[in-house]
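Written out below as structure tokens is the structure these notes cover.
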Amino acid sequence: MADNARSFVPLTCHGHSRPVPHISFSSIEKDGQYFMVSACKDGNTMLRDGINGDWIGTFLGHKGAVWQARLSPDHAYAATASADFTAKIWDTHTGEQLASIQHDHIVRAVAYPADNSDLLATGGMEKKLRIFDLSELSSSFDGNAVTIPSSAGFEIGEGVHTSSIKFICWTQDPNVIVTASDKTLRWLDLPSRACIHQEVLDGEIKSCEMVSLAPEFSSPGDIGGGKPVLAVAAGKTAYFWGGSRAMEELKRIALPRSIASVGIDVKGRKLVVGEEPGTWARLIRYDDEVELETLKGHHGPIWSIAFSPDGNLYATGSEDGTIKLWKNCEGQYGLWKGGANQERTSADGRNFSPLSSRDESEASTADSGNTSVEGSEMGTKLCIRGNEEQPPEISAVEGRLGDA
């Protein structure tokens, strides 16, 4: 990816009212479309067009903070992990809640395998990793959400976790799952239900994600040789593992400050880290560890960083309740048409002009409203419930606002 893409200001996605602890992208559909889902401590999960940030809908139903949200490999479902002691499954076409998986404590993490939308892993403050088979969920749905007891799941690694499970990553080998708990990464084997490897890191694990490009964009020259890369932020170090089981340490990069998150551009061989404390992100070259740029604009720590499945942009989710999309490629892409001062025009003709830092707050609207929006990319209408009349606004904002 070209460094001159950094001259473009980010797009800011408003709508959440509390911190955004997690964002993730879907895989790519046949037409090149992909989606982004965000978890928020306001209890709402938002689905957006991944390329331009346009709001598609909000999944309403949790009664506590949502810690994580992920889309299934076939994009048909969204899974959410919440402080209300449940993980929920949602229909991304209709917005309906399909299932509520009951737990005995806060659920912090959910994960799908890369090619199976019928299996879901959950974990949290119970200190238990469970696998649920949801293959009959959609066929048995009668309009009412199904309640699934925690006992319906298969516990993996019974007794091995000594603190809350905050992240779950399914490796390329579908029989191996990685969990992040306190300072420890654990690799668990599903057939034997045993922990087969663990690594104790230099600090508390703040982010842990499996990163990969869509097959049509990956190549052997990428970081990890075209296979998924496990990216972890812990203490003042960014760690990277590769291989089919993500057990081969590729590199660890020591940084001068503590970090809350890390994302990696495997094609462009760069990484982005979010500071803690602080509000900035740093763009760093992977091979020689040279800092390329300081990314400013958020007004709180950046808790989650995710690259799109084509690598052409990345998203940051912050304590300030906003999500920013940053261009990571040359030429026109999404709403970016030209230089940093050019007006942005969406596919439906709406204009998005760069705003000053004083104007940024004026661009924000209330949380998603009492409306139905056409989810044309998803093939049907997504019904949204709420109190406002307009969906959240997406704006191009000045990307060099300074630390606040």
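18 is the number that my numbering gives to position 18 of the sequence shown; each next residue is one higher, with no gaps. Every residue, glycine too, gets a C-beta built ideally from N, C-alpha and C. Here the structure is a predicted model, which is why all the values come from computation and not from measurement.
Assumed close pair Ala-231, Ile-259 - CB separation to whole angstroms, cut-off 8 angstroms
Their Cβ separation, rounded to whole angstroms, is 11 angstroms, which puts Ala-231 and Ile-259 out of contact at 8 angstroms.
Span separating the alpha-carbon of Ser-164 from that of Asp-91
28 angstroms
Neighbourhood of Glu-248 by C-beta, 8 angstroms cutoff - its chain only, sequence neighbours within 5 removed:
Trp-241, Gly-242
Local conformation of Ser-219 per DSSP, three classes
coil
How far does the alpha helix (DSSP H) with Leu-250 in it reach, from first residue to last?
Run containing Leu-250: none in the alpha helix (DSSP H); it sits in the beta strand (DSSP E), 248 to 254.
Three-state secondary structure assigned by DSSP to Ser-150
helix
Over the uninterrupted alpha helix (DSSP H) stretch that includes Leu-137, give me the two end residues.
137 to 140
Less than 8 angstroms between the beta carbons of Thr-316 and Gly-300, yes or no?
no
How should His-14 be labelled, buried or exposed, when 16 other C-beta atoms within 10 angstroms of its C-beta is the threshold for buried?
buried
Quick one: does the C-beta of Asp-173 sit closer than 7 angstroms to a heavy atom of the ligand ZN?
The ligand ZN is not part of the structure shown, which contains no ligands of any sort.
Closest to Asp-255 by C-alpha separation, out of Ile-284, Trp-187, Ser-38, would be which residue?
In the sequence as displayed, the identity of residue 255 is Leu instead of Asp. The shortest Cα separation from Leu-255 among Ile-284, Trp-187, Ser-38 belongs to Ile-284.
If you measure between the beta carbons of His-407 and Lys-88, is that distance less than 8 angstroms?
This structure does not reach residue 407, given that the chain is present from 1 up to 404, and the question cannot be answered.
Coil, strand or helix - His-14 by DSSP:
coil
Quick one: what does DSSP say Cys-40 is sitting in, helix, strand or coil?
coil
So what does Asp-58 bridge to, in DSSP terms?
Looking at the sequence shown, residue 58 is not Asp but Thr. DSSP output for Thr-58 lists Met-46 as bridge partner(s).
Cutoff 6 angstroms; reference Gly-157; Cβ partners in own chain excluding five residues on either side
Leu-129, Leu-188, Cys-195
Do Ala-111 and Cys-169 have their C-beta atoms closer together than 8 angstroms?
yes
Could you say which of His-16, Val-176, Gly-268, Glu-276 lies nearest to Arg-257 if we only look at CA atoms?
Glu-276
With a CB to CB cut of under 8 angstroms and the five nearest residues on each side skipped, what residues in its chain are close to Asn-175?
Asp-189, Leu-190, Pro-191
To which residues does DSSP link Glu-155 through a beta bridge?
Arg-130
If I measure Cβ to Cβ from Ser-150 and keep anything under 6 angstroms in the same chain, skipping five residues before and after, which residues do I get?
Gln-102, His-103
How many Å lie between Arg-48 and Ala-79 at the Cα?
15 angstroms
What span of residues does the beta strand (DSSP E) with Cys-329 cover, start to end?
It is not in any beta strand (DSSP E) - Cys-329 carries neither H nor E in the DSSP assignment.
Per DSSP, which residues does Asp-189 bridge with? Please list them.
Val-176, Ala-194
Residues near Val-146 in its chain [Cβ-Cβ closer than 8 angstroms; skip 5 each side]:
Leu-98, Ala-99, Ser-100, Leu-137, Ser-140
Would you tell me roughly how many angstroms separate the C-alpha atoms of Lys-296 and Glu-126, rounded to the nearest one?
37 angstroms
Between Lys-337 and Leu-11, what straight-line distance do the alpha-carbon atoms span, to the nearest angstrom?
12 angstroms
Please report the distance separating the alpha-carbon of Phe-217 from that of Asp-310.
6 angstroms
Residues that His-93 bridges to, as DSSP identifies them
Bridge partners of His-93: none, in fact.
For Thr-94, which of Gly-143, Val-20, Asn-52 has the nearest alpha-carbon?
Gly-143
Whole-angstrom distance between Gly-153 and Ser-117, CA atom to CA atom
16 angstroms
Compute the Euclidean distance between the alpha carbons of Arg-32 and Leu-335, then round it to the nearest angstrom.
According to the sequence shown, residue 32 is Gly rather than Arg. So the two alpha carbons sit approximately 15 angstroms from each other.
Take Ile-28 and list the residues in its own chain whose beta-carbon comes closer than 8 angstroms to its own, dropping the five residues that flank it on each side.
Tyr-34, Ala-214, Glu-216, Pro-309, Asp-310
Just the C-alpha distance for Ser-24 and Arg-70, rounded to the nearest angstrom, thanks.
6 angstroms
What residues match up with Tyr-286 in a beta bridge as DSSP calls it?
Paired residue(s): none; Tyr-286 is not in a bridge.
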